[in-house]
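Note that my numbering numbers the sequence shown so that position 34 is 41, with each residue one more than the last.
All C-beta atoms in this analysis are idealised placements derived from N, C-alpha and C, irrespective of residue type, glycine included.
Worksheet for the structure shown next.
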Amino acid sequence: MGAGASSSRGGGDGIFETAPVANTLGKLHQMTAGHDWFRCDGWKEDDGSFGEPDFTRFFGIGVNKYADVIRISLPRNNLGGILPFKDKFAVTMIELRTIDLEQNHIGGEFPPAWCRLANLTHLNLSRNGLRGTFPDAIGNLVHLKTLKLAQNQFYGKLPKTMSKLTELTQLDLHRNRLCAMPDMLGNCAKLHTLKLNENLFTGELPETWLMLEVIRELYIFSNRFTIFANSQASSPVLTPNNYKLLDVLRKRCHILVMMEEQVGDGGFVADRLPSKEVWPHQPHLYGNGFISVKLKSHDTETLKKLAQVRAEERDVATY
8 MGAGASSSRG
18 GGDGIFETAP
28 VANTLGKLHQ
38 MTAGHDWFRC
48 DGWKEDDGSF
58 GEPDFTRFFG
68 IGVNKYADVI
78 RISLPRNNLG
88 GILPFKDKFA
98 VTMIELRTID
108 LEQNHIGGEF
118 PPAWCRLANL
128 THLNLSRNGL
138 RGTFPDAIGN
148 LVHLKTLKLA
158 QNQFYGKLPK
168 TMSKLTELTQ
178 LDLHRNRLCA
188 MPDMLGNCAK
198 LHTLKLNENL
208 FTGELPETWL
218 MLEVIRELYI
228 FSNRFTIFAN
238 SQASSPVLTP
248 NNYKLLDVLR
258 KRCHILVMME
268 EQVGDGGFVA
278 DRLPSKEVWP
288 HQPHLYGNGF
298 ISVKLKSHDT
308 ETLKKLAQVR
318 AEERDVATY
């Protein structure tokens, strides 16, 4: 039976219409070059045509007991093309909780219609070729806990509506071309991981970040921040505002990666933040970079994690 056929499944009071959902998933398959996917169990027939309408058997699709699609997980599966952008996708997929399409070859812009996926809690589109700016309506995704859009080609300002994403615990936007410092992220008080490194952010660090009371990992290196009052000096000094802010944040963070450059006579930027404790830093784990880590006793797991971060980024191609 083709994807456009009407079918139902279930028993008793549970009669589920599957054709609209199958059609919508078929559009996703078509628009992301489904014929080139590495795995497409259930999606595709032997002759290459779109598969059966029982989408519960599709590779990477998860459903609840009412046959609502709640998960689309197709990372590292050679998806290409662009994402479905019409409102019909959001209407049919309204119960989605998780979308994970990391490390594929998807291009185009972030679909504004996806901002209507009101139940979404986890969105990962990192390591693709997405471009453009973020739609203002992204603030409608108020249940998001994880938002990962790293290693794409997004540019411009982050919309102020992101201040509505108060459930966020992880935000990863590293390695894009974003330029306006998101001071409104101070409203996202549940953030414990914030990665903004390798963008074009300028100015001083926002004082509103003092509201990030549970922050544990903060990555801000390789931007254009005004962190030091005399950045050209051999012994740069923090600006008063950044001194106050970073003194607070360093006490909260287990990992704070602030800079990835050298100053003076080839020495690493280290111990520039006021500290009564010793801040062990392991530049050999991060190329010629600078990592400041506040370790809890002998926290060898943290050091292993730092080494893994750079190793993973070296191994992944940027499209």
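- The region 148 to 168 makes no contact with the region 224 to 236; the number of CB pairs closer than 8 angstroms stays below 3.
- The residue from GLY88, THR99 and ILE101 with its alpha-carbon nearest to that of PHE117 is GLY88.
- Check the Cα spacing between ALA157 and each of SER170, TRP121 and GLU205: the tightest is with GLU205.
- In the three-state scheme derived from DSSP, where H, G and I count as helix and E and B as strand, GLY67 is classed as coil.
- LEU245 sits away from LEU256, with the two beta carbons spaced by 8 angstroms or more.
- The beta carbon of GLY67 sits closer than 6 angstroms to the beta carbons of SER80 and LEU81 from its chain, once the five residues preceding and following it are set aside; these are given in chain order.
- With 16 or more neighbouring CB atoms inside 10 Å of its own CB, LYS202 falls in the buried class.
- The criterion of a C-beta distance shorter than 8 angstroms is satisfied by ASN135 and ILE113.
- Here THR246 carries a coil assignment [DSSP, helix/strand/coil].
- Of the candidates PRO142, LEU137, GLN177 and ASN249, the residue whose Cα lies closest to the Cα of THR128 is GLN177.
- Per DSSP, LEU130 is one residue of the beta strand (DSSP E) stretching across 129 to 131.
- In the structure shown, ARG78 falls within a strand segment according to DSSP collapsed to helix, strand and coil.
- With distances taken between CA atoms, ALA120 lies nearest to LYS95 out of THR153, SER170, TRP44 and LYS95.
- Each of LYS197, CYS186, ARG184 and GLY139 was checked against the Cα of LEU172, and the nearest Cα belongs to LYS197.
- The Cβ atoms of ARG182 and LEU207 lie no closer than 8 angstroms to each other.
- Annotation for LYS155: the continuous beta strand (DSSP E) segment containing it runs 153 to 155.
- C-alpha of HIS199 to C-alpha of ASN230: approximately 21 angstroms in a straight line.
- Distances from the alpha-carbon of LEU130 to those of PHE62, ASN147 and GLU109 put GLU109 closest.
- When DSSP reads this structure, ASP107 sits in a beta bridge with SER80 and ASN131.
- In the three-state DSSP reduction, ARG184 falls in the strand class (E or B).
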